[in-house]
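Chains A and B supply the protein sequences, listed in that same order.
Number 269 in the numbering used here belongs to position 269 of the first sequence; there are no gaps in the numbering.
Number 507 in the numbering used here belongs to position 190 of the second sequence; there are no gaps in the numbering.
Everything below concerns the one structure shown next.
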Amino acid sequence: MLLIFLSILQLFYVLLLSPLIFGIFSKFEERIESKKGPSIFQPYYDLFKLFRKQVVVPEVSSPFFHVVPYVEFALYSLLTLVLPIITAFPLEFGPTVDFIGGGLIFGAAALLKKIASLDSRSNYSHLGVSRAASMGALAEPITVLIFIMLGVISKTNNPYIINNVLQTSSSWYLSLTHWFVAAAFFMILLVETGKLPIEHHSTAELGMIDQAMDLEYSGMDLAFYKWGGYIKKFLLMSVFVNVYTVPFFVPMKYNLSSIAIYTGIHFLKLLGLVISMGLLEESISKFRLFKNFDYMAISFSLAFLSFLAFYTTNGGF
Amino acid sequence: MEKFFALIGFFEILLVLFMQWEVYTKKIITTFSIASYTIAVFLFYLGIMENKYLVVILAVLTAGVRGFFIPWFMKKRIVRDPWREREIKPTISTALSILISLSVVIFAYVLYRITFYDSVHLSDGSIPIALILQGVFLMISRRNAFIQLIGYMMMENAIFLFEGYLFPALPFIVEAGVILDLIGIIAIAGIVVKMMKNSTTDSNEFDELKG
């Protein structure tokens, strides 16, 4: 019963706070550029406005196009219930999937989005799908490689156990293997969250990837599409701080007060990540589209070097 | 000490991968400078820990000559020929060359394990071999003379790292290192002279070709 309560608490925490993180991100970036910037609550205002707007669907699209934003939102909400966000012990749905299973759900949501964008029959959406598919085809194997390496560290693919191992074993936490994996995941995180140097959110179609895919959505459909996107990014960032880089302080045993305190700490961790990503975004420029593949090659190299670091420093064949 | 060596070694491997990614000559030279300073830090630490002043001298020489002087000298030469600042057309595409460089690291590891490992017994001894091969690949994958020179000096850095770690008491390394650096400087000077001849914009110098 308590686990169900905590699951619901975690779900509401993610659903309600995910837009805020991106409001803070935009505000922070604008402040670095010496501009006033929008309010940190701007994503909420946008969602609220979209919920009240009429839904307009392309005449040529099938009903599938209309359904996908809701399915996507549901899939990301399901992931919220199975990942270590405010606790390091599995909640009610925790044992349902491991990291690979979570990756498959992420992949399923991405696939549905791509098919729906193709269904819109818009040229720009097709452009975005083509680019997102090219990037995704390279990013997915790297992500699987990262999960395999985490499996080597913890002898399992369960994110909770990986967190517990890194939280308790300083030799693993400080190992080269772990930090190569973390660096590779950070590069993939920038790809998945659509940040520079991969993607710049402007109206120029030359650099559009993800943002070209939702051009035909409107009203409540767009609101759920965007909200789902916020949740996805929030989850990836949470996994990065909770499992890969700062696995500390996450409550490993049931204790309501420590979970309440950790909720605040988790938000602070995310703010730290937002600041570092904001500083990075403000100091580098966008790559040309075909240079993105060089970036992916470096990310793959880092993930693979973690293998080599494991064999060199921890064992051998 | 072994962990520190592995840390420095993998950092060097990453720096060479970064060089392979980069097209601007100036940034590659700066990366080489960072690589040399890192090796100097390792040698300094080694000298202090093992109480060997020759290794400390070697560290200071490495930092001074390869960390500071050679990069400074090369950058100074480049400013006079700004058009040379970039690798315009790499022989192999950047992404592929990064992956080949990574494969070279894996090849070096396998090679080391089946050959030298039985006599040396150092689990991370494959790192300098990987760096040597990566340096060779940097040389053959680029056309820019400065980047090729950097590839050569990365090989030399790798040898320094290996010898410094395995045989820290050899004073010969000090002399050999300095001599190799001098060879490098002479090579740079030779290339620069050739460049100056080839890049002149004054057509009067080619009077004899006009007939």
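Just so you know, even glycine gets a beta-carbon here, dropped at the ideal spot from N, CA and C.
Measuring C-alpha to C-alpha distances from B:Val340 to each of A:Phe300, A:Thr313, A:Lys291 and A:Ser299 identifies A:Lys291 as the nearest. Ranked by how close their Cα comes to the Cα of A:Thr193, the residues A:Ser218, A:Leu112 and A:Gly229 have A:Gly229 in first place.
Inclusion of A:Glu72 and A:Ala132 in the CB contact set at 7 Å is not warranted, their separation being larger than that value. Put simply, the CB of B:Leu419 is near chain A, with a gap under 7 Å to one of its CB atoms. Every alpha helix (DSSP H) stretch that sits fully inside the region 217 to 280 of chain A and reaches 4 residues is listed by chain position as 219 to 239.
Exposed is the label assigned to A:Gly107, since fewer than 16 other Cβ atoms lie within 10 Å of its Cβ. Taking 7 Å as the threshold, the shortest C-beta distance from A:Asp294 to chain B falls below it.
Here the region 212 to 220 of chain A does not lie against the region 296 to 314 of chain A, with fewer than 3 beta-carbon pairs under 8 Å apart. Taking CB atoms only, B:Phe321 has no neighbour in chain A less than 7 Å away. The CB of B:Thr411 comes closer than 9 Å to the CB of Lys291, Phe293, Asp294 and Ala297 in chain A, given here in chain order. Cβ-Cβ distances below 8 Å link A:Glu29 to Gly37, Gly278, Glu281 and Glu282 in the same chain, with the five nearest sequence neighbours on each side left out; the list follows chain order. When only Cα atoms are considered, A:Leu118 and B:Ala323 end up about 48 Å apart. At least one beta carbon of chain A lies nearer than 7 Å to the beta carbon of B:Ile415.
Residues of the same chain with a CB within less than 6 Å of the CB of A:Ile85, apart from the 5 flanking positions on each side, are Gln10 and Ser238 in chain order. At a Cβ-Cβ threshold of 7 Å, A:Ile284 and A:Pro197 count as neighbours. The continuous alpha helix (DSSP H) containing A:Asn164 extends over residues Pro159 to Thr168. Annotated three-state conformation of A:Arg288 is coil, per DSSP.
Here A:Trp227 is buried, its C-beta having at least 16 other C-beta atoms within 10 Å. The way I'd put it, the region 204 to 214 of chain A doesn't touch the region 324 to 335 of chain B; fewer than three beta-carbon pairs between them come closer than 8 Å.
Contact note: A:Ser301 reaches chain B through Leu334, Ile415 and Leu419, using a C-beta cutoff of 7 Å and chain order. The beta carbon of B:Ser353 sits no closer than 7 Å to any beta carbon of chain A. Distance from the CA of B:Val382 to the CA of B:Asn474, rounded to the nearest whole angstrom, comes to 12 Å. Contact between B:Phe463 and B:Thr347 is ruled out by a C-beta separation of about 12 Å, above the 8 Å threshold. A:Leu47 and A:Phe224 have their C-alpha atoms some 8 Å from each other.
In summary, B:Val421 is buried, with 16 or more beta-carbon neighbours lying within 10 Å of its beta-carbon over all protein chains present.
Under DSSP, A:Arg52 takes part in no beta bridge, so it has no partner.
One Cα belongs to B:Leu428, the other to B:Asp435, and the distance between them is close to 12 Å. Contact annotation, A:Leu270 with A:Leu79: C-beta distance approximately 16 Å; criterion of less than 8 Å not satisfied. The secondary-structure analysis by DSSP pairs B:Arg403 across a beta bridge with B:Tyr341. Within the same chain, and ignoring the five residues on either side of B:Leu478 in sequence, the residues whose Cβ sits closer than 6 Å to its Cβ are Ile356 and Pro445. Close CB contacts of A:Leu15 within its chain, under the 6 Å cut and outside five residues either way in sequence, are absent. Residue state for B:Thr408 is assigned as coil, using DSSP reduced to three classes. The beta-carbon of A:Thr312 is placed less than 7 Å from the nearest beta-carbon of chain B.
A:Ile188 sits close to A:Ala139, with the two beta carbons spaced by under 7 Å.
Here the C-alpha atom of B:Ile365 lies approximately 7 Å from the C-alpha atom of B:Val373.
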